[in-house]
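Here is the structure we will look at.
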Amino acid sequence: MSNTNRRDFLGMSFAAVAAVGGVASLVGMKQAWDPLPSVLAAGFTTIDLAKAELTPGKPKTFKWRGKPIFILQKTDAMIEAAKAAGEEDWDLVIDGKHYTVVIGICTHLGCIPAWNVDKWKCACHGGEFNASGKHTFGPPPKPYVVPPFSVKGTTLVLGEKGPQSAKMIEVRA
Amino acid sequence: MAKIEESLFSAEGMDKRLATKKFWKVMMTEYWIPKDINFLWAMGVVLAVTFTILIISGIFLLMYYKPDTALAFDSVNYTIMQEVAYGWLFRHMHGVAASVVFLVIYIHMFTGIYYGSYKKGREMIWISGMLLFVTFSAEGFSGYMLPWGQMSYWAAAVITNLFAGGSLEAWGLVEWIRGGFTVNDATLTRFFMLHVFLLPLAIIGIIVLHFYTLRIPHVNNQSSEEIDFDAEAEKYLAGNKKESKVIPFWPVFLSKDFAVVSVFLIFYFYLVFFNYNFAMDPVNFDPANAMKTPAHIYPEWYFLWSYETLRGPFFDMLGMKAGDIGLIIFGLAQVIFLVFPFLDKDPDILPAYKRPKFQIWFWIMILDLLVLSVYGKLPPTGANAWVGFFATGIFLALWVSLPFITKSDAKSRGAL
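Printed below as a string of structure tokens:
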């Protein structure tokens, strides 16, 4: 009887040690797969819209965290169309100019759609996004995602949260 | 322990120390296989041979491959393909075998389904086999990333993105799997580790399990006859080889298997030398470019049917987003075959030709998987999208109807 109790005690102490060690190992292994500090630190991109040489009606692609960022300066017709569709608050407005600033990745399965006359079209599964970045056709479940950014004058700092991007994210939710 | 006098370097000495004779008997000469089988029963050995080819050719590729985004593409397309002696051969052997192994896996699987070799005692064979299918799929996917061409990169982007779970937007999980905001160097290196170490290790382990699960219930036969293996083995050992319904695994069964393996190897090396292009997508000969999506992204042929269920539902319905429905069906398609033994409600083990409704079910399923595979490769526009939609619907309907169909067959036979 006393022998059994001893073995039970040994068994339970081993279980306790193994449980603590096991959980600690899992936490460590999980963290080994996290994005590295250097990857995270390289996550800020600065774009000066005044010097970006944007042509209204033609988006330009920038790179942020390895992702394409579409910046489109809207034409007057696009601004009117957005108003008619109830998307007048979707734009970033600086000095009276309207911009669409979005992550250029299809919200369906992560392909990069291409600009085609007046909308983005995704070659993978046929999704379409209008000039405001709203999904208008096909499998994409939601509009383009707006990256977090802050605005200083005409300069955007992608990766730094600011009130403008927060508002743009909110109206799309 | 008894002291052993026989030399270690003699059959007798080995037997004394390791019981090799007993082991050989249990594993080989007295492991009984029914006589009433056909060439489809050789697929297991064909798969073992193909897996061995994959390991050997993989070892040679591993010696020159570099799992680094800056070096990977050239290490494959320049170093291995042009500089290493027979490097091209090892690459084509590896690529073609990776493709052909799935063809044989599908034949092996549907042989099991046709003859009812997954139920009433053989569930563990089926389940361990389906685990092998899943690990082989992961192995195929991780290997496809390594040449770091355009299709490698974008397949990796699309598949890792599935883990965002559609509307769930589990973005943290995707970034954890990738080790970065996009598919990047860390992603390539960790999938390299999975491809050359962890997954092969798991596969070898599950293969051993798969063989073991077969040992006690034994192999099924063409008429799914219940055989008393002990009684039949006794007849065979007594010399009544003609009357006995069984043969030993070695040397009788394997000799026929090796004949099938020879035919298979001729077919396989014909593909390796003269028709390897089907396993070498031209798009993948462009280096990976994160800023340019290829015009059309599709997986290798063996994933096409499940890929098509992902995009089959292309419009919102039942208050759910199209993408989410596709993701749910896709997830279901990955695991549904695993529970096959539990969806078959027929109490008898019978081949499909003795189960009239199930036989129709079987061939519709094959046809539907072929349609899904063909349309999985085509762009999902216009009528194609609708074919995909209905084929996905039929796929789901087949699974829902399986318990009822098998029950109905049993009833009309009077077994229920």
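Chains as they are written, first to last, in our numbering: chain A, 1 to 173; chain B, 174 to 589.
Beta carbons: idealized from backbone N, C-alpha and C, even for Gly.
Problem set entry | Residue burial classification, B:A337 (beta-carbon count within 10 angstroms, cutoff 16) | Numbered from its first residue, the second sequence carries residue 337 of chain B at position 164. Buried, by the Cβ-count rule.
Exercise. Taking DSSP as the reference, what is the three-state secondary structure of B:D430?
Worked result: Counting from 1 along the second sequence, the entry for residue 430 of chain B is found at position 257. Of the three classes helix, strand and coil, the one that applies to B:D430 here is helix, per DSSP.
For this session: Output the distance between the C-alpha atoms of B:S248 and B:M366, rounded to the nearest integer angstrom.
Result: Mapped onto the second sequence, residue 248 of chain B falls at position 75. Mapped onto the second sequence, residue 366 of chain B falls at position 193. Approximately 17 Å between the Cα atoms of the pair.
For this session: List in chain order: all unbroken beta strand (DSSP E) runs of 3+ residues lying wholly within the region 17 to 53 of chain A.
Result: 45 to 48
Problem set entry | Option in B:G485, B:M493 and B:I502 with minimal Cα separation from B:A558 | Counting from 1 along the second sequence, the entry for residue 558 of chain B is found at position 385. Residue B:G485 is the option with its Cα nearest to B:A558.
Problem set entry | Closest Cα partner of B:M174 within the set B:K189, B:F182 and B:E185 | In the second sequence, the residue the question calls residue 174 of chain B occupies position 1. Ranking the options by Cα distance to B:M174, first place goes to B:K189.
Exercise. Which partner residues of B:M490 appear in the DSSP bridge assignment?
Worked result: Residue numbering aside, residue 490 of chain B sits at position 317 when the second sequence is read from its first letter. Bridge partners of B:M490: B:M493.
Exercise. Hey, does B:T202 have any beta-carbon neighbour from chain A nearer than 9 Å?
Worked result: Along the second sequence, one-based indexing puts residue 202 of chain B at 29. False, the Cβ-Cβ gap to chain A never drops below 9 Å.
Problem set entry | Proximal chain A residues relative to B:F590, where beta-carbon distance stays under 9 Å | This structure leaves residue 590 of chain B out entirely; chain B is present only between 174 and 589.
Exercise. Out of B:I498, B:D541, B:L589 and B:I533, which has the shortest C-alpha to C-alpha gap to B:L335?
Worked result: Within the second sequence, residue 335 of chain B is the residue found at index 162, counting from 1. The candidate whose alpha carbon is nearest that of B:L335 is B:I498.
For this session: Just the C-alpha distance for A:V151 and A:V145, rounded to the nearest angstrom, thanks.
Result: In the first sequence, counting from the first residue as 1, residue 151 of chain A sits at position 151. In the first sequence, counting from the first residue as 1, residue 145 of chain A sits at position 145. So the two alpha carbons sit approximately 18 Å from each other.
Exercise. Does any C-beta atom of chain A lie closer than 9 Å to the C-beta of B:V547?
Worked result: On the second sequence, residue 547 of chain B is found 374 positions in, with the first residue counted as 1. For B:V547, the answer is no, since every Cβ of chain A falls outside 9 Å of its Cβ.
Exercise. Secondary structure at B:E179, three-state DSSP: helix, strand or coil?
Worked result: Here the question's residue 179 of chain B lines up with position 6 in the second sequence. Here B:E179 sits in coil by DSSP.
For this session: Please name the residue in A:I112, A:Q31 and A:N130 whose C-alpha comes closest to that of A:K63.
Result: If you number the first sequence from 1, residue 63 of chain A lands on position 63. The shortest Cα separation from A:K63 among A:I112, A:Q31 and A:N130 belongs to A:I112.
Problem set entry | C-beta atoms of B:S272 and B:Y475 nearer than 9 Å | Within the second sequence, numbered from 1, the residue matching residue 272 of chain B stands at position 99. Within the second sequence, numbered from 1, the residue matching residue 475 of chain B stands at position 302. Yes, the pair counts as a contact, with Cβ atoms nearer than the cut-off.
Problem set entry | 6 Å Cβ shell around B:S180 - same chain, five flanking residues per side excluded | Position 7 of the second sequence, counting from 1, holds the residue named residue 180 of chain B. Taken in chain order, the residues that qualify are G186.
Exercise. In chain B, what lies closer than 9 Å to A:R65 by C-beta?
Worked result: Residue mapping note: residue 65 of chain A aligns to position 65 of the first sequence, counting from 1. Within 9 Å Cβ-Cβ: G353, F354 and T355.
For this session: Answer yes if the region 281 to 301 of chain B comes into contact with the region 382 to 395 of chain B, meaning at least three C-beta pairs across the two stretches below 8 Å, and no otherwise.
Result: yes
Exercise. In the structure shown, what three-state DSSP assignment does B:N393 receive?
Worked result: Within the second sequence, the letter at position 220 stands for residue 393 of chain B. In the structure shown, B:N393 sits in coil (DSSP, three-state: anything other than H, G, I, E or B).
For this session: List the residues of chain E whose Cβ lies closer than 8 Å to the Cβ of B:V331, in chain order.
Result: No chain E is part of this structure, whose protein chains are labelled A and B.
Exercise. Whose Cβ in chain A lies nearer than 7 Å to the Cβ of B:E348?
Worked result: One-based indexing of the second sequence puts residue 348 of chain B at position 175. Those are P35, listed as they occur along chain A.
Exercise. Can you tell me whether DSSP reads A:H98 as helix, strand or coil?
Worked result: Here residue 98 of chain A refers to the residue found at position 98 when the first sequence is read from its first residue. A:H98 falls in the strand class under three-state DSSP.
Problem set entry | B:H591 and B:L304 closer than 9 Å at C-beta | Residue 591 of chain B lies beyond the stretch modelled for chain B, which goes from 174 to 589, so this question has no answer here.
Exercise. Under 9 Å Cβ-Cβ, which residues of chain A neighbour B:G338?
Worked result: Numbered from its first residue, the second sequence carries residue 338 of chain B at position 165. The premise fails here: B:G338 is roughly 11 Å from chain A at the closest Cβ pair, so nothing lies under 9 Å.
For this session: Could you work out which residue in B:K208, B:H267, B:D403 and B:K194 is closest to B:V419 when comparing CA atoms only?
Result: Taking the first residue of the second sequence as position 1, residue 419 of chain B is located at position 246. Among B:K208, B:H267, B:D403 and B:K194, the Cα nearest to that of B:V419 belongs to B:K208.
Exercise. Under a CB-based cut-off of 9 Å, is A:A114 close to chain B?
Worked result: The residue you call residue 114 of chain A lines up with position 114 of the first sequence. Closer than 9 Å to some Cβ of chain B, the Cβ of A:A114 qualifies, so yes.
Exercise. Does DSSP classify B:W299 as helix, strand or coil?
Worked result: As a working note, residue 299 of chain B is residue 126 in the second sequence. Correct three-state label for B:W299: helix.
Problem set entry | CB contact flag (B:Y441, B:T223, <9 Å) | Position 268 of the second sequence, counting from 1, holds the residue named residue 441 of chain B. Position 50 of the second sequence, counting from 1, holds the residue named residue 223 of chain B. Yes, they are a contact pair.
For this session: Could you name the residues of the same chain whose beta carbon sits closer than 6 Å to that of B:A562, not counting the 5 residues immediately before and after it, in chain order?
Result: Along the second sequence, one-based indexing puts residue 562 of chain B at 389. Looking at the sequence itself, residue 562 of chain B is Phe, so the reference to Ala does not match. Cβ within range, chain order: G485.
Exercise. If A:G66 and B:A328 are in contact, beta carbons under 8 Å, what's the gap, nearest whole angstrom?
Worked result: Position 66 of the first sequence holds residue 66 of chain A. Position 155 of the second sequence holds residue 328 of chain B. Not a contact, Cβ separation roughly 17 Å.
For this session: Verify the CB distance criterion: does A:V39 have a CB-CB separation below 9 Å to chain B?
Result: Position 39 of the first sequence, counted from the first residue, corresponds to residue 39 of chain A. Closer than 9 Å to some Cβ of chain B, the Cβ of A:V39 qualifies, so yes.
Exercise. Does DSSP put B:G322 in a helix, in a strand, or in coil?
Worked result: For the purposes of this step, residue 322 of chain B is taken as residue 149 along the second sequence, with counting starting at 1. B:G322: strand per DSSP, three-state reduction.
Exercise. Which chain B residues sit within Cβ distance under 9 Å of A:G43?
Worked result: Looking up residue 43 of chain A in the first sequence gives position 43. What A:G43 touches in chain B: F354.
Problem set entry | Contacts that A:P147 makes with chain B (C-beta to C-beta distance below 9 Å) | Stepping through the first sequence from its first residue, residue 147 of chain A is reached at position 147. Correct list: empty, because the minimum Cβ distance to chain B is about 11 Å.
Problem set entry | Counted within 10 angstroms of its Cβ, other Cβ atoms place B:G549 as buried (16 or more) or exposed | For the purposes of this step, residue 549 of chain B is taken as residue 376 along the second sequence, with counting starting at 1. B:G549 is buried by the Cβ-count criterion.
Exercise. So, using beta-carbon positions, are A:Q73 and A:T61 closer together than 9 Å?
Worked result: Sequence index remark: in the first sequence, residue 73 of chain A carries index 73 (1-based). Sequence index remark: in the first sequence, residue 61 of chain A carries index 61 (1-based). No, they are not a contact pair.
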